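Below: one structure, written as structure tokens.
Protein chains: 2
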Amino acid sequence: MADDSPQNERITEAEQAVMEALWAKSPLTANEVADAVAPARGWSLPTVKTLLSRLVAKQAVETAPDGKRFLYSPRIARSDFAAGESKRLVERLFGGSAAGLFAHLAEAEALSDKDLNQIEALLRELRGQEVGK
Amino acid sequence: MADDSPQNERITEAEQAVMEALWAKSPLTANEVADAVAPARGWSLPTVKTLLSRLVAKQAVETAPDGKRFLYSPRIARSDFAAGESKRLVERLFGGSAAGLFAHLAEAEALSDKDLNQIEALLRELRGQEVGK
DNA sequence: CGTAATCGACTACGGCTGTAAACATGAAGG
DNA sequence: CCTTCATGTTTACAGCCGTAGTCGATTACG
């Protein structure tokens, strides 16, 4: 089988910054990505281009020709990326137990009242739809 | 101010494997750490020693002389490490909102019934002690 | 007292990451 | 047509990470 499936490789932190720009709005030209990302990170244009190239190589981003230049779009959804990273963390740190993560966040006082309320709401929602399977 | 505070630097994945051994039991000699860690990762003894050295340099591990050799102990608690990593992830991925993380785990079906029950229990607990501050 | 074993320190090296310059190529304008 | 500008590609390079060999010192045994 050919590995044309998106995103086997890992996305680094610098690359993620570029992805964020594309997730916020796409397609974008390389220059537009640079305008969105470079100032905040102090990057030069070449740096952004390199990152874009690597993301294309990793099949996390796809290109569409637009005249002489390219338009870049994400090939993976932000939610998939976030879910994957979250899962990795839970795996690595809490033996796959999401409750473990939650407990640690609570302990570190990283949970605001707002967080608690939202989580509570989500819990109820999950309980509600806990039908099939 | 001197930077003798523990753990400014990041701990890599390979290093974490070594830390796990020390968190499980400490102090340990380098050889004991190697025995605990090397087989599972296919590492040689020198590799484990290098990782230990780097952890000492990063002040994540401390040494105590024991005759001719050293005994190694973690200088940072596993829970602190876990909390830090979790916070970083939440920061990087969900703009600091733990509820965002939770929602994504739920969406990715990474939450078992057991997780849900435990989280629910934790929530109640947090609500209960929500006194001070 | 000398030699072997033990153990930490130093050195090494390929690969990846962050950062960027140089290059090539095609388009546009004079 | 030739020059210049824009844009993607190639190359570069330092630093860190994963992995490991070698060196030197200290200990222990004969």
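Protein sequence lines, in the order shown, are assigned to chains B and D.
Just so we're aligned, residue -9 is where the first sequence starts under our numbering, counting upward by one.
Just so we're aligned, residue -9 is where the second sequence starts under our numbering, counting upward by one.
The beta-carbon is built from N, C-alpha and C at its ideal position, and this holds for glycine as well.
The structure displayed is predicted, hence computed values, not measured ones.
Contact belief for D/Pro17 with D/Ser63 at Cβ below 8 Å, rounded distance in angstroms | Contact flag correct, Cβ pair sits at about 4 Å.
Run down chain B in chain order and give the residues with a C-beta less than 7 Å from the C-beta of D/Glu110.
-> Leu113
D/Ala73 versus chain B: which residues are under 8 Å apart at the beta carbon?
-> Residues of chain B passing the Cβ test: His94, Leu95, Glu97, Ala98, Ala100.
Is the shortest distance between the beta-carbon of B/Lys77 and the beta-carbons of chain D less than 8 Å?
-> yes
Check whether the Cβ atoms of B/Val8 and B/Val23 sit closer than 8 Å, and answer yes or no.
-> Contact: yes.
Between the C-alpha atoms of B/Ala26 and D/Arg114, what's the straight-line distance to the nearest angstrom?
-> 43 Å
Burial state of D/Ala111, where buried means 16 or more other Cβ atoms lie within 10 Å = exposed
Beta strand (DSSP E) segment containing D/Leu61, residue limits = 59 to 64
Could you name the residues that DSSP lists as bridge partners for D/Thr40?
-> Paired residues: none, contrary to the question.
Since B/Leu45 meets chain D, which of its residues come closer than 7 Å, beta carbon to beta carbon?
-> By Cβ distance, chain D contributes nothing, its closest Cβ being about 17 Å from B/Leu45, past 7 Å.
Alpha-carbon spacing of B/Gly122 relative to B/Ala100, whole angstroms = With a pLDDT of only 45 at B/Gly122, under the threshold of 50, the placement of this residue in the model should not be trusted; the figure read from the coordinates follows. Whole-angstrom Cα-Cα distance: 33 Å.
Taking all protein chains shown into account, do 16 or more other C-beta atoms lie within 10 angstroms of the C-beta of B/Glu5, making it buried, or fewer, making it exposed?
-> buried
What are the boundary residues of the alpha helix (DSSP H) that D/Glu81 is part of?
-> 68 to 84
Does the stretch 88 to 97 of chain D come close enough to the stretch 29 to 39 of chain D to have 3 or more Cβ pairs within less than 8 Å?
-> no
Counting contacts by CB-CB distance shorter than 8 Å, is D/Val80 in contact with chain B?
-> Taking Cβ atoms only, chain B reaches closer than 8 Å to D/Val80, which makes this a yes.
For the stretch 58 to 69 of chain D, which residues have a beta carbon sitting closer than 7 Å to at least one beta carbon of chain B?
-> Ser69
Please state whether DSSP places D/Ala89 in a helix, a strand or coil.
-> Helix, per DSSP.
Drop a sphere of 10 angstroms on the beta-carbon of D/Leu41, count the other beta-carbons inside from all chains shown, and report buried for 16 or more, exposed for fewer.
-> Note on D/Leu41: 16 or more other CB atoms within 10 angstroms of its CB, so buried under the neighbour-count rule.
Would you kindly check if the distance between the Cβ of D/Ser76 and the Cβ of B/Leu91 is under 8 Å?
-> yes
Could you confirm whether any beta carbon from chain B is found closer than 8 Å to the beta carbon of D/Ala88?
-> yes
Thinking B/Ala20 and B/Val38 are a contact (beta carbons under 8 Å), I'd like their distance in whole angstroms, please.
-> 7 Å
Would you call B/Ala14 buried or exposed, if buried means 16 or more other Cβ atoms sit within 10 Å of its Cβ?
-> exposed
Can you find a heavy atom of the ligand GDP that lies under 7 Å from the Cβ of B/Trp13?
-> The model depicted lacks the ligand GDP and carries no ligand whatsoever.
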